[in-house]
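K.L.:
Quick one: this structure, given as structure tokens, is what I'll be asking you about.
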Amino acid sequence: DGGITQSPKYLFRKEGQNVTLSCEQNLNHDAMYWYRQDPGQGLRLIYYSQIVNDFQKGDIAEGYSVSREKKESFPLTVTSAQKNPTAFYLCASRDLSRTGPNTGELFFGEGSRLTVL
Amino acid sequence: AQTVTQSQPEMSVQEAETVTLSCTYDTSESNYYLFWYKQPPSRQMILVIRQEAYKQQNATENRFSVNFQKAAKSFSLKISDSQLGDTAMYFCAFMKLGYGNKLVFGAGTILRVKS
Numbered sequence: 274d275g276g277i278t279q280s281p282k283y284l285f286r287k288e289g290q291n292v293t294l295s296c297e298q299n300l301n302h303d304a305m306y307w308y309r310q311d312p313g314q315g316l317r318l319i320y321y322s323q324i325v326n327d328f329q330k331g332d333i334a335e336g337y338s339v340s341r342e343k344k345e346s347f348p349l350t351v352t353s354a355q356k357n358p359t360a361f362y363l364c365a366s367r368d369l370s371r372t373g374p375n376t377g378e379l380f381f382g383e384g385s386r387l388t389v390l
Numbered sequence: 845a846q847t848v849t850q851s852q853p854e855m856s857v858q859e860a861e862t863v864t865l866s867c868t869y870d871t872s873e874s875n876y877y878l879f880w881y882k883q884p885p886s887r888q889m890i891l892v893i894r895q896e897a898y899k900q901q902n903a904t905e906n907r908f909s910v911n912f913q914k915a916a917k918s919f920s921l922k923i924s925d926s927q928l929g930d931t932a933m934y935f936c937a938f939m940k941l942g943y944g945n946k947l948v949f950g951a952g953t954i955l956r957v958k959s
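Going line by line, the protein sequences match chains R and E.
This note's numbering puts the first residue of the first sequence at 274, with every later residue one more than the last.
This note's numbering puts the first residue of the second sequence at 845, with every later residue one more than the last.
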């Protein structure tokens with residue numbers, strides 16, 4: 274079945290460590306996104322990519338990095354510079370060629386919960 | 845920049861009754877899309893309903909319908925005949941038209957359906 278796979282589901286990190294969250298999609302979607310979810314703040318965009326080897330900062334990119342070497346993969350690295358990394362992270366993708374009534378729909382992974390010890 | 849506001853952090857409704865979730869947004873764009881996404885306790889986000897701003901007719905999907913007031917920049921979600929499976933966090937989202945534009949989400953409303 275087509276979809277988005279995020280791993281790991283749960284991750285614990287010690288302060289000062291970098292960690293990488295994986296996001297893989299087999300939907301052949303052009304665009305991929307990383308959102309951070311905190312209680313009471315909804316989803317905030319970290320980074321997004323519309324094409325391989327290109328990506329843009331979202332609203333809260335500081336302390337994070339991404340790469341888009343393959344269309345199906347968009348890993349997110351949470352660096353030690355991120356001051357408050359404990360959160361739920363959601364990866365999503367979108368088919369940019371869709372028009373009309375199917376425009377804009379995001380497909381989400383099941384999320385990764387990162388806890389800093 | 846666009847902003848999306850959901851003024852109701854939590855709501856509850858009895859099973860089989862109707863509930864309305866509010867959403868307002870701020871934009872200077874004239875062409876855009878609005879969405880309601882549902883996030884159940886499993887945390888898997890799914891699209892509930894979508895509205896194109898150029899369409900005057902309100903979107904409906906089975907028990908879910910919207911009241912889209914473009915001039916007032918309001919986009920409320922009505923859930924009829926509420927079911928226990930409707931218990932979830934609901935997010936309103938905005939996207940302006942154009943290649944690669946990203947979605948902007950509201951803070952969400954927790955809906956609890958009671959038996």
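Note that CB positions come from ideal geometry on N, CA and C, so glycine has one too.
#1: Count Cβ pairs between the region 324-340 of chain R and the region 378-387 of chain R that sit closer than 8 Å; are there 3 or more?
#2: Return the first residue and the last residue of the beta strand (DSSP E) that L300 of chain R is part of.
#3: At a Cβ cut of 7 Å, what residues of the region 910-936 of chain E count as close to chain C, listed as they run along the chain?
#4: Return the residue from the list E:Q900, E:L865, E:G950, E:F879 that minimises the CA-CA distance to T376 of chain R.
#5: Check the Cβ-Cβ distances between K882 of chain E and every residue of chain R, and say whether any is below 8 Å.
#6: May I ask you to verify whether the region 350-369 of chain R touches the region 848-862 of chain E, counting CB pairs closer than 8 Å and requiring at least 3?
#7: Between which residues of its own chain and P853 of chain E is the CB-CB distance below 6 Å, once the five residues before and five after are set aside?
#8: Might you give, ordered along the chain, the residues of its own chain that have their beta carbon closer than 8 Å to the beta carbon of I893 of chain E, omitting 5 neighbours on each side?
#9: Look at the alpha carbon of S851 of chain E and the alpha carbon of Y869 of chain E, and state the distance between them as a whole number of angstroms.
P.N.:
So, from the listed chains and residues:
#1: no
#2: In the first sequence, residue 300 of chain R corresponds to position 27, counting from 1. Element bounds for L300 of chain R: n/a, residue is neither H nor E.
#3: Structure shown: chain C not included; protein chains present are R and E.
#4: One-based indexing of the first sequence puts residue 376 of chain R at position 103. Considering only alpha carbons, the answer is E:F879.
#5: For the purposes of this step, residue 882 of chain E is taken as the residue at position 38 of the second sequence. No, its Cβ sits nowhere closer than 8 Å to a Cβ of chain R.
#6: no
#7: As a working mapping, residue 853 of chain E is identified with position 9 in the second sequence. Around P853 of chain E: no qualifying Cβ.
#8: Start at 1 with the first residue of the second sequence, and residue 893 of chain E comes out as number 49. Hits under 8 Å: F879, W880, A903, T904, E905, F908, S909, V910, L921.
#9: Residue 851 of chain E sits at position 7 when you count from the first residue of the second sequence. Residue 869 of chain E sits at position 25 when you count from the first residue of the second sequence. Looking at the two C-alpha atoms, the distance is approximately 11 Å.
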